[in-house]
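Chains as they are written, first to last, in my numbering: chain Z, -3 to 194; chain W, -3 to 194.
Beta carbons are placed, not taken as given, at the ideal position from N, Cα and C, and that holds for glycine.
Comments concern the structure below.
There are 2 protein chains.
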Amino acid sequence: MASTEIDALSQALARLPGLGPRSARRAVLHLLKKREGALIPLLRALESVNERLATCSVCGNVDTRDPCSICSDPRRDDRSIAVVEDVADLWALERSRLFPGRFHVLGGRLSALDGVRPEDLTIDRLVTRISQGGVDEVVLAMNATLEGQTTAHYIADRLENFPIRLTQLAHGLPVGGELDYLDDGTLAQALRARRPVS
Amino acid sequence: MASTEIDALSQALARLPGLGPRSARRAVLHLLKKREGALIPLLRALESVNERLATCSVCGNVDTRDPCSICSDPRRDDRSIAVVEDVADLWALERSRLFPGRFHVLGGRLSALDGVRPEDLTIDRLVTRISQGGVDEVVLAMNATLEGQTTAHYIADRLENFPIRLTQLAHGLPVGGELDYLDDGTLAQALRARRPVS
Ligand SMILES: [Zn+2]
Ligand SMILES: [Zn+2]
């Protein structure tokens, strides 16, 4: 139907989550027809993200700077750290605009099934951050899944001897629910009603 | 939530048809996390399309070469031309793999409401193509909308003195239906049952 280059673009778009072959085709047509208004802005945005893309050496967020925008924002509260499984969960919490502190991205959750062990996550780095002092509260913001909760318990154990308040998101979360799929209201409620880890 | 660059990427993606803000966010995260596997391939595909993007000076298709892949394919049948409103319709017909000829893209349809007149479309260029000879059949493959059919009638009038067979897609198309949204089966049937313009 079209040239190799256009096919390649169609395929690259079709591999994005939420876009199938049909919507990728429509997106390609849109890009071809709106070169100045759509293709070039997308190209420039990708170039500039690609040039600067970095994983934050403090919290594990992905951003175009290291330390990331959140870690280098002087208005954020250093005394509170929310621990999340994944960057998607960090973004979900940021969208709620209710958490004023810093973050720590684990890079996954403990899983016997998938063979994910504590050393595969950034748990040691979290312990180091806490041991350096200045943190009053650690919010365990894991997903309300079995593996998320196992991970939260494991981290709670690792942090129990530090003079910090250890809290977790209130279980208003639907069982099996993933943070990134929640509506903002549910997420906000769960954050406001966070409670000490028992 | 994130840096200016990441926001810009998110917004550029959210403006694509079929992607809202939420799916754009998920797509951005995917790109950030799969730099080698997703971000760079998409960037390279956009670069190479952007460098070569051209509107075919023969048929009006958009491609990475001029004449386009279809116009420069020696296996296509020069004697048959399908006239379509838009590049999306050309692509839809190509997907059906049933039309072996060449194309002519009008760049829209006549519309009193939107102020689209014959001189705003590539109708004169179509007449020139036909007048150069070698064409036996012109398939009017307009959408089955009022404006599409008005456009087909207008073109039929303009071409009536040429020694060609003038056909149009069979009206198995649902009324109001747009080619680009049809399933391939319906489109194939309409193409096979195309009939002379009365
Ligand atoms: Zn950071
Ligand atoms: Zn062409």
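No Cβ-Cβ contact shorter than 8 Å links L94 of chain W with A137 of chain W. Per DSSP, reduced to three states, the secondary structure at V193 of chain W is coil, with no helix or strand assignment.
With the rule of 3 Cβ pairs closer than 8 Å, the segment 51 to 61 of chain Z does not count as touching the segment 146 to 162 of chain Z.
The Cβ atoms of A20 of chain W and L9 of chain W lie closer than 8 Å to each other.
With the rule of 3 Cβ pairs closer than 8 Å, the segment 114 to 126 of chain Z does not count as touching the segment 171 to 182 of chain Z. Taking 8 Å as the cut-off, the beta carbon of V134 of chain Z is found closer than this to the beta carbon of I77 of chain Z. Ranked by Cα distance from V131 of chain Z, the first of Z:T182, Z:F158 and Z:G103 is Z:F158. In this structure, W:H26 is the residue among W:H26, W:T60 and W:N57 with its C-alpha nearest to the C-alpha of V45 of chain Z. Here DSSP, grouped into helix, strand and coil, assigns I160 of chain Z to coil. One alpha carbon belongs to R22 of chain W, the other to R161 of chain Z, and they sit about 32 Å apart.
In this structure, V134 of chain Z has its CB at a distance of at least 7 Å from all heavy atoms of ligand 1. Annotation for G97 of chain Z: the continuous beta strand (DSSP E) segment containing it runs G97 to V101. T0 of chain W sits exposed, since fewer than 16 C-beta atoms from the chains shown fall within 10 Å of its C-beta. Close partners of N46 of chain Z in chain W (Cβ separation under 8 Å): R31, L35, I36 and L39. In the three-state scheme derived from DSSP, where H, G and I count as helix and E and B as strand, S6 of chain W is classed as helix. Per DSSP, the unbroken alpha helix (DSSP H) holding E43 of chain W starts and ends at I36 to R48. For S92 of chain Z, the uninterrupted alpha helix (DSSP H) segment begins and ends at V83 to S92. Separation of T60 of chain W and R48 of chain W (C-alpha to C-alpha, rounded to the nearest whole angstrom) is 5 Å. Residue burial annotation: G111 of chain Z is exposed, with fewer than 16 other C-beta atoms found within 10 angstroms of its C-beta. Put simply, of Z:R125, Z:L39 and Z:R31 the residue whose alpha carbon is nearest the alpha carbon of A4 of chain W is Z:L39. In this structure, DSSP gives R75 of chain W an extended state, which the three-state scheme calls strand. Rounded to whole angstroms, C64 of chain W and R98 of chain W show a C-alpha spacing of 11 Å. For G14 of chain Z, the nearest CB of chain W lies under 8 Å from its own CB, placing it at the interface with that chain.
When 7 Å is used as the limit between beta carbons, L5 of chain W is near these residues of chain Z: A41, L42 and V45, in chain order. With respect to chain W, the C-beta atom of R72 of chain Z has no partner C-beta closer than 8 Å. Counting only residues of its own chain and dropping the five nearest sequence neighbours on each side, D180 of chain W has a CB closer than 7 Å to the CB of R91 and S92. In the structure shown, D179 of chain W falls within a coil segment according to DSSP collapsed to helix, strand and coil. Contact between L155 of chain W and R190 of chain W fails: their C-beta atoms lie close to 15 Å from each other, not under 8 Å.
The C-alpha of L106 of chain W lies about 30 Å from the C-alpha of D69 of chain W.
Its chain contains L9 and A23 as the residues whose beta carbon lies nearer than 8 Å to that of L15 of chain W, once the 5 sequence neighbours on both sides are disregarded; these appear in chain order.
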